[in-house]
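Numbering (our numbering), first residue to last: 30 to 524.
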Amino acid sequence: MSPSAHARLRDDLRALLGARVHDRPEELLVYECDAMTYFKNRPLAVTFPESTAEVAAIVRTCIRHRVPFLPRGAGTGLSGGATPTRAAVLIETARMRQVLHIDLDNRFAVVQPGLVNILLTQAVAGSGFYYAPDPSSQMACTIGGNVAENAGGPHCLKHGMTAKHILGLTVVLPDAEVVELGGAMADPPGYDLVGLFVGSEGTLGIATEVVVRIEKQPQSVRTFLASYASMSDACASVTDIIARGVDPAALEILDRLTIEAVESSVYAAGYPREAEAVLLVEVDGLEAEVELAAREVTTICHERGALALEEAREEEERRRLWKGRKGAFGAMGRINTDLLVMDGVVPRHRLEWILEQVYRVREKYGVTLSNVFHAGDGNLHPNISYDGRDPEETQRVLAAGEEILRLCIEAGGVLSGEHGIGVEKRDFMPYLFDDVDLDLMRRVRDVWNPLGLCNPDKVLPTAKACVEARGRMLTLDSETPVPSATDVAKGEAQP
């Protein structure tokens, strides 16, 4: 963009928002990436609207100047979704952080997208309610970002991903039209446009108000921490807990390197350092069902050789056990300067096998890798710590990450369980979808976003990337055979 065109854009934006437009280099520096720090690109300007009308006005201005635009919340995303790939205007929702309405009788609330996740639960907790989706970054991440990525969290095993808890949306479309999708009604007639929008990663428009479902706090909650001498025993406990009909709220596993990082940090939770893995189990619901579930969990953990089993007896102890899990990613800062937080998913019965492969990839590429993951739904988070200033190490990290995701898909899984595709996994989409699938997705996107200005270059790969990805698939396939479900069933391969 030429300096004169940039100046005209800046002047038009300032005419709308005044000082709520930032474009000095030192201001833009902090917006050059989200929590996926490998991908960096500074925006042309950052705008801070306070209403739906202001968001629409910004979008109209960008269209007039033919400049791309994209929304951003707290910047905690882990796939580059809020990072501009071209000269673009960021629409930062940090000032749109109000709880607009609470209806306890009908169990919903209306909030702005910049509201921090945990603040919604705090707003209704005094009345005995809470907001169920709980990403590990819930102390910082925003509802709008959760909607964009269909965020998960430890308790989504039982209570469901963000999509289950979104009833309606006010959206500024990529042509600046303001529309209402869904509403407070639980099952509105017509096409599920809310379901289409949630998880679209900012490519179909910008949510400016969100109608969320709030839940009654459970009558009883019990939390356990089991430690194991092997990752295999921890994974087997997860399989047994589900197989015996227990419906846990959360099943989380941390490996030894993660435990060491947590216990050496401000997030120390008293996890046993000698354990190869710890399993965090939480059950909630009616007192009678929780009592039965707790007995099953206790029996299974002991049967699977738990070194120790600790139960939180008071709320403060429960918070302590969760402190380590919620702070695990932050604790990785003790290991190195940068962190690639991955997000693959496999069927639960393949957990042991995929973890063996993840550790094999670690040795193959010589990277520092730890694991913390939502074991109950097979959502892996291999974390690769590295020095982003070292180009050679960075390339090894990216290659290791790609191979791990390819193995997840070959094992019957998918590319993402909650972090989204963004730019991180965009060019890996052909591993999972063929040309017909990808073309259909493009056609849907183009109906909503015909000019391609709304968060461009995200989610869907280029044709060239599709060809290159399939070439890499052939190469990797020849190096690492993956057992089929039939092989596993026959006992010819370790699941």
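Where a beta carbon is used, it is the ideal one built from N, C-alpha and C, also for glycine.
Checklist entry - Name the DSSP bridge partner or partners of N400? => result P411
Checklist entry - Which residues share a DSSP beta bridge with I195? => result V241
Checklist entry - Is the beta carbon of V176 sitting closer than 8 Å to the one on V227? => result yes
Item to check | Integer-rounded CB distance, given that L380 should sit under 8 Å from C264 | outcome: 5 Å
Next on the checklist: Residues in the same chain with beta-carbon distance under 6 Å from A116, minus the five sequence neighbours each way, listed in chain order, please.
Outcome noted: M30, L73
Item to check | Per-residue burial, K245 [other beta carbons within 10 Å of its own, 16 or more giving buried] | outcome: It is exposed - the Cβ of K245 has fewer than 16 other Cβ atoms within 10 Å.
Checklist entry - Three-state secondary structure (DSSP) at E281? => result strand
Item to check | Start and end residues, beta strand (DSSP E) containing V307 | outcome: 306–314
Checklist entry - Are the stretch 420–433 and the stretch 393–400 in contact at 8 Å, needing three or more beta carbon pairs? => result yes
Checklist entry - In terms of residues, what are the limits of the alpha helix (DSSP H) holding S33? => result 32–46
Next on the checklist: In this structure, how does DSSP classify L480 when only helix, strand and coil are distinguished?
Outcome noted: coil
Checklist entry - Using the rule of at least 16 other Cβ atoms within 10 Å of the residue's Cβ for burial, across every protein chain shown, is V59 buried or exposed? => result So V59 ends up on the exposed side.
Checklist entry - Which residues mark the beginning and the end of the beta strand (DSSP E) in which Y257 is found? => result 249–257
Next on the checklist: R136 and R242 - do their beta-carbons sit closer together than 8 Å?
Outcome noted: yes
Checklist entry - Going straight from the alpha carbon of L489 to that of I329, what length do you get? => result Between the alpha carbons of L489 and I329 lies a distance of about 43 Å.
Item to check | E339, DSSP secondary structure in three states | outcome: strand
Next on the checklist: In whole angstroms, give me the CA-to-CA distance for S165 and P113.
Outcome noted: 24 Å
Checklist entry - Are the beta-carbon atoms belonging to D63 and T90 less than 8 Å from one another? => result no
Checklist entry - Just to confirm, are A236 and L336 a CB contact at a threshold of 8 Å? => result no
Checklist entry - What do you reckon, are the CB atoms on A282 and L308 nearer than 8 Å? => result The question names Ala, but residue 282 in the sequence shown is Ile. Their beta carbons are under 8 Å apart, which means I282 touches L308 by this criterion.
Checklist entry - Does DSSP classify T76 as helix, strand or coil? => result strand
Item to check | Within 8 Å, strictly: CB atoms of A103 and G174 | outcome: yes
Item to check | Coarse secondary structure for H138, derived from DSSP in three states | outcome: Rather than His, the amino acid found at residue 138 in this sequence is Ala. Looking at A138 - three-state DSSP - the assignment turns out to be strand.
Checklist entry - Per DSSP, which one or two residues make a beta bridge with E121? => result R101
Next on the checklist: According to DSSP, V223 sits in a beta bridge with which residue or residues?
Outcome noted: DSSP lists no partner for V223.
Next on the checklist: Nearer than 7 Å: is that true of the beta carbon of R379 relative to any heavy atom of the ligand FAD?
Outcome noted: The model depicted lacks the ligand FAD and carries no ligand whatsoever.
Item to check | Residue from K454, Y460, E311 with nearest C-alpha to H403 | outcome: E311
Checklist entry - If you compare alpha carbons, which of E292, D456, G362 is closest to Y415? => result Nearest of E292, D456, G362 to Y415, Cα basis: G362.
Item to check | Backbone CA spacing between P411 and A290 [nearest angstrom] | outcome: 14 Å
Next on the checklist: Output needed for I288: all residues of its chain with C-beta closer than 7 Å, excluding positions within five of it in sequence on either side, in chain order.
Outcome noted: Y300, R302, A304, V307
Checklist entry - Of all the options A192, P203, A205, which has the alpha carbon lying nearest to the alpha carbon of G211? => result A192
Item to check | Given N70 as reference, the closest of E61, A440, R333 once Cα atoms are compared | outcome: E61
Checklist entry - If you draw a straight line from the C-alpha of D464 to the C-alpha of A180, how long is it? => result 27 Å
Next on the checklist: With H, G and I counted as helix, E and B as strand and the rest as coil, what does DSSP make of A236?
Outcome noted: strand
Checklist entry - In chain order, what residues of the same chain lie with their CB nearer than 8 Å to the CB of L42, ignoring the 5 residues before and after it? => result V50, A74, T76, I87, T90, V118
Item to check | Option in L409, V145, G231 with minimal Cα separation from I433 | outcome: Nearest C-alpha to I433 among L409, V145, G231: L409.
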